[in-house]
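Residues in the sequence shown are numbered consecutively from 43, following the numbering used here. Glycine included, each C-beta is placed from N, C-alpha and C at the ideal position.
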Amino acid sequence: MAFGGRGGTRPRRGTPADVLVVGLGNPGSEYDGTRHNVGFAVVDLLERRHNGRLKSGKERALVDEVRIGQKRVALAKPTTFMNLSGESVSPLVRRFG
């Protein structure tokens, strides 16, 4: 079981990944290349290096799974603004955590 918010636990919805990388940032071209989107840049770099392709997920995020060595790695970029990223991260942890 993964820990849910508000004092309870919620059942896992998916197959756990070995590693979950959530790159935090803000949506919109005005934030591209700024310090606000360093997390997005890290996920983009991992995607390029491991031939991934982010797809829109149910968790209010762009999501992909890649193999890095022997590890199954889930990559995610929330589509929410950074201050609302919990709305995306919580379901990502339930799915992959």
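I need the DSSP call for residue i, collapsed to helix, strand or coil.
{"i": "Pro-58", "result": "coil"}
{"i": "Asp-106", "result": "strand"}
{"i": "Pro-133", "result": "helix"}
{"i": "Ser-98", "result": "strand"}
{"i": "Asn-68", "result": "coil"}
{"i": "Phe-123", "result": "coil"}
{"i": "Gly-139", "result": "coil"}
Any idea which residues DSSP pairs residue i with across the strands?
{"i": "Arg-114", "result": "Arg-109"}
{"i": "Val-63", "result": "Leu-117"}
State the Cα-Cα distance for the pair residue i and residue j, rounded to the nearest angstrom.
{"i": "Arg-102", "j": "Arg-91", "result": "24 Å"}
{"i": "Gly-94", "j": "Glu-107", "result": "7 Å"}
{"i": "Val-61", "j": "Leu-117", "result": "9 Å"}
{"i": "Arg-114", "j": "Glu-72", "result": "32 Å"}
Measure how close the beta-carbons of residue i and residue j come, nearest whole angstrom, since I'm counting them as under 8 Å.
{"i": "Thr-121", "j": "Ser-130", "result": "7 Å"}
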